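Residue numbers (the numbering used here), protein chains in the order written: chain A, 444 to 804; chain B, 444 to 804.
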């Protein structure tokens, strides 16, 4: 087997090697069932245990009280863009959105498409989304306030979450869930495509405050109602079993090997500091976002020319450092430092960057 | 590693062992990328190749012409129950349904819930769905005729598909897709949850005749529109990459090891004949469906008492034969003989059944 690379992909992204090893180890015979995890019934005891472990680990890691459901819904964050307004928009009340990039923009578009009364109360579009808005006024009667905690493409992140008083927060945490601890109480709903910090592609994790379920209207299809998923513990129909299984293993690694979200945050800060610090000192690489809005997860940067950027990405891959190309919509370079990327991986990247600068700078 | 069982699960179900071996073999390093298939970008060349292979193999195996799209949509067949009427119901025209069991019933419920004009033109509910209706009249102006080709729970299957003249057929083939060849031309849409005959849980395969896309109305959300999936080759957002990858390997096995759908059908008929033949001769076990409606995929049968059924299922599992319990809604026993189950697996089951009868009969 050829060597594995260090994988800075933005998502689907690197997973902890011990998790991959464990999957591989039990792939033909899942915990004594005589079947692969791919072959067991979603209604069997071994699978329900796995599902419940994923839920319970999520509860513990995020300090969720009994007032929250944790469910798994297929279709990625993109399906949530329409499900949330379908389920939670209150008749006659606006929905407040803060627009911080590509994914917020898509979420806004879907709510408008449904004919909802969308208020974009703040946006950083004026500077190509290079910062997180500091001032905004939340409508008192808003159904909820939607924001994106980390902007994978633009490389920004909310250091502290917006304050919305009694208005429930609704947050797309696809690219930074489980990267740091936070207070879940103000949140009416949190959603995250699994394929960045917690697993492979194929399911969103959706955390729903129970009181929000009272809003779910009758008229929408069963598979688009949060009440369906909450009432049936994600087992109304066959869920994305393999994704849920992998999530349960990633969360076990997070609890037992890393030691929880405080520890994970410390490591994530160290990783980001190493890389941003090097970029700022280099006089060759430059960050693309305002410093107080920088993402700890997705470090976006430019080189002096696009030619150098292409060369950088190509040579990095040859050196075993993959996934460093920026998103096709913005160009440049990006290193995604999700939980599975270690401090030493970032040091290897910085070493390569320094060498490249010496040669080309 | 303990011994693998023979897995007669109704879905998620047995997969071909060579496919599982291949996944395991390249699990840490997908085709020289230095990453797991779980970690590679859905927009990378290696993944797009895999996706396109799954699509092309489907085209070849099912003899689909250029007039069909093949896409992958998360949410299982259950999400299709609402997506199909949302996309394809013509204003002012009824939708015809034939009701042959649990899944048809659910599909009907979702269409009604959307306020569509649903005509159930035939049903076998009068005999607890133990047969496939022989006579029915398709509305000339129907938007489409929906039916379920194989009824996993009730153990019936359409030996020949219904004739609907110019009205497009729409078919839930979740539990018998790729089990036999058929003429795709009358079909406006075919859908199948992957987790029975073609892969693990977490995606439906949806085959769409291109002319049907003209019906898709503007007002529905992006992630619920077939045009979104067709226009973007299933890559509008991150798809269920691992499921698609596994499907591509299962279809490769079907083409290269089995030799295509004619050969697969011959094997499937042989398997079903062995088991039904034994049941009919036994004077102990008895089939639950009318003989001309029997499913080649899901063989449902009863024993003289429920106590014996429970004992049968328990002892079979001890003997390495799993998944033989009937669906919780109907009881009894069921052996699912999907493509990955071999002739010898069925012979082992019959041998066990004969021994059990000798002891208990």
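All residues carry an ideal CB built from backbone N, CA and C; glycine is no exception. The structure displayed is predicted, hence computed values, not measured ones.
Where residue 512 of chain B falls, given that 16 or more other Cβ within 10 Å makes a residue buried: With at least 16 other beta carbons inside 10 angstroms of its own, residue 512 of chain B counts as buried.
query: Cβ-heavy atom distance between residue 535 of chain B and the ligand ADP below 6 angstroms?
result: As presented, the structure is devoid of all ligands, the ligand ADP included, so that no description of it is given.
- prompt: Below 8 angstroms, can you find three or more Cβ-Cβ pairs linking the region 691-701 of chain B to the region 650-667 of chain B?
  reply: No, the region 691-701 of chain B does not touch the region 650-667 of chain B.
- request: Report yes or no: is there a C-beta of chain A within less than 7 angstroms of the C-beta of residue 602 of chain B?
  value: No, residue 602 of chain B does not count as interfacial toward chain A.
- prompt: Can you name the residues of chain A whose CB is closer than 8 angstroms to the CB of residue 556 of chain B?
  reply: Contacts between residue 556 of chain B and chain A, judged by CB atoms closer than 8 angstroms, involve 662, 664 and 665 in chain order.
- prompt: Taking contact to mean at least 3 C-beta pairs separated by less than 8 angstroms, is the region 707-719 of chain A in contact with the region 547-561 of chain A?
  reply: Not touching, per the Cβ criterion.
- prompt: Comparing the C-beta of residue 448 of chain B with each C-beta of chain A, is any distance below 7 angstroms?
  reply: Yes - at least one Cβ of chain A is within 7 angstroms of the one on residue 448 of chain B.
message: Using a Cβ distance threshold of 8 angstroms, determine whether the region 762-779 of chain B contacts the region 664-680 of chain B, with at least three qualifying pairs required.
response: These segments do not touch.
query: chain B beta carbons: is any one of them nearer than 7 angstroms to that of residue 493 of chain A?
result: Residue 493 of chain A is outside the set of residues whose beta carbon lies under 7 angstroms from a beta carbon in chain B.
query: Is the beta carbon of residue 736 of chain B less than 7 angstroms from the beta carbon of residue 574 of chain B?
result: Pairing residue 736 of chain B with residue 574 of chain B gives a Cβ-Cβ distance under 7 angstroms.
Simplified DSSP assignment, three categories, for residue 778 of chain B: Here residue 778 of chain B sits in strand by DSSP.
message: When you compare the CB of residue 791 of chain B with every CB in chain A, is at least one pair closer than 7 angstroms?
response: Cβ-Cβ to chain A under 7 angstroms: no for residue 791 of chain B.
message: Taking the alpha-carbon of residue 404 of chain A as reference, which of A:493, A:489 and A:475 has the nearest alpha-carbon?
response: Residue 404 of chain A is absent from the structure shown; chain A starts at 444 and stops at 804.
message: According to DSSP, is residue 626 of chain A part of a helix, a strand, or is it coil?
response: DSSP places residue 626 of chain A in coil when its eight states are reduced to three.
task: Take residue 768 of chain A and list the residues in its own chain whose beta-carbon comes closer than 6 angstroms to its own, dropping the five residues that flank it on each side.
output: Answer for residue 768 of chain A: 756, listed in chain order.
- prompt: Which residues in chain A sit within 7 angstroms of residue 686 of chain B, going by Cβ to Cβ distance?
  reply: The answer, in chain order, is 645.
message: I believe residue 639 of chain A touches residue 617 of chain A by the beta-carbon criterion, under 8 angstroms. Please report the beta-carbon distance rounded to the nearest angstrom.
response: Contact check for residue 639 of chain A and residue 617 of chain A: beta-carbon distance about 6 angstroms, within the 8 angstroms limit, so the pair qualifies.
query: Which residue from A:576, A:778 and A:650 puts its Cα closest to that of residue 620 of chain A?
result: The shortest C-alpha separation from residue 620 of chain A is found at A:650.
message: Short of 7 angstroms in beta carbon distance, which residues of its chain neighbour residue 719 of chain A, apart from the five on each side in sequence? Order them along the chain.
response: Only 730, 737 and 742 meet the Cβ criterion.
- prompt: Mind checking if residue 648 of chain A is an interface residue toward chain B, Cβ cutoff 7 angstroms exclusive?
  reply: Taking Cβ atoms only, chain B never reaches closer than 7 angstroms to residue 648 of chain A, which makes this a no.
- prompt: For a contact meaning CB atoms closer than 8 angstroms, what does residue 485 of chain A contact in chain B?
  reply: The contacting residues are 455 and 644.
message: Is residue 777 of chain B close to chain A? Criterion is C-beta to C-beta, closer than 7 angstroms.
response: By this cut-off, residue 777 of chain B is not an interface position.
- prompt: Count the other CB atoms within 10 Å of the CB of residue 444 of chain B; is the residue buried (16 or more) or exposed (fewer)?
  reply: For residue 444 of chain B, the predicted structure reports a pLDDT of 45, less than 50, and the residue's modelled location is therefore unreliable. The matter cannot be settled from this model.
task: Give the DSSP bridge partners of residue 648 of chain A, in chain order.
output: Here residue 648 of chain A is bridged, per DSSP, to A:515 and A:635.
task: Select from the region 524-542 of chain A all residues with a C-beta closer than 7 angstroms to any C-beta belonging to chain B, and list them in chain order.
output: Going along the region 524-542 of chain A in chain order, one finds 525 with a Cβ nearer than 7 angstroms to chain B.
field: First through last residue of the alpha helix (DSSP H) which encompasses residue 427 of chain B
entry: Not covered by the structure: residue 427 of chain B. The range shown for chain B is 444 to 804.
field: Meets three-Cβ-pair contact criterion under 8 angstroms: the region 574-585 of chain A and the region 527-539 of chain A
entry: Yes, since at least three Cβ pairs between the region 574-585 of chain A and the region 527-539 of chain A fall closer than 8 angstroms, the two stretches touch.
query: What residues from chain B crowd round residue 547 of chain A, counting only those whose CB sits closer than 7 angstroms?
result: In chain order: nothing, as chain B lies at least about 15 angstroms away.
message: Spatial neighbours of residue 724 of chain A within its chain, please: C-beta separation below 7 angstroms, excluding the five flanking residues on both sides.
response: Closer than 7 angstroms at Cβ, skipping near neighbours: no residue.
task: Please report the residue range of the alpha helix (DSSP H) in which residue 596 of chain A lies.
output: That residue, residue 596 of chain A, is in no alpha helix (DSSP H); it is neither H nor E in DSSP.
- prompt: Name the DSSP bridge partner or partners of residue 588 of chain A?
  reply: Note: residue 588 of chain A is bridge-paired with A:539 and A:612 in the DSSP secondary-structure output.
Contact under 7 angstroms by Cβ, residue 739 of chain B with residue 803 of chain B: No, the Cβ-Cβ distance between residue 739 of chain B and residue 803 of chain B is not below 7 angstroms.
Cβ-Cβ distance between residue 800 of chain B and residue 634 of chain B below 7 angstroms: Taking 7 angstroms as the cut-off, the beta carbon of residue 800 of chain B is found no closer than this to the beta carbon of residue 634 of chain B.
Identity of the residue in A:477, A:521, A:490 and A:532 nearest residue 631 of chain A by Cα: The residue with the shortest Cα to Cα distance from residue 631 of chain A is A:532.
query: Can you tell me where the alpha helix (DSSP H) with residue 565 of chain A in it begins and where it stops?
result: Per DSSP, residue 565 of chain A belongs to no alpha helix (DSSP H); it is in the beta strand (DSSP E), 561-566.
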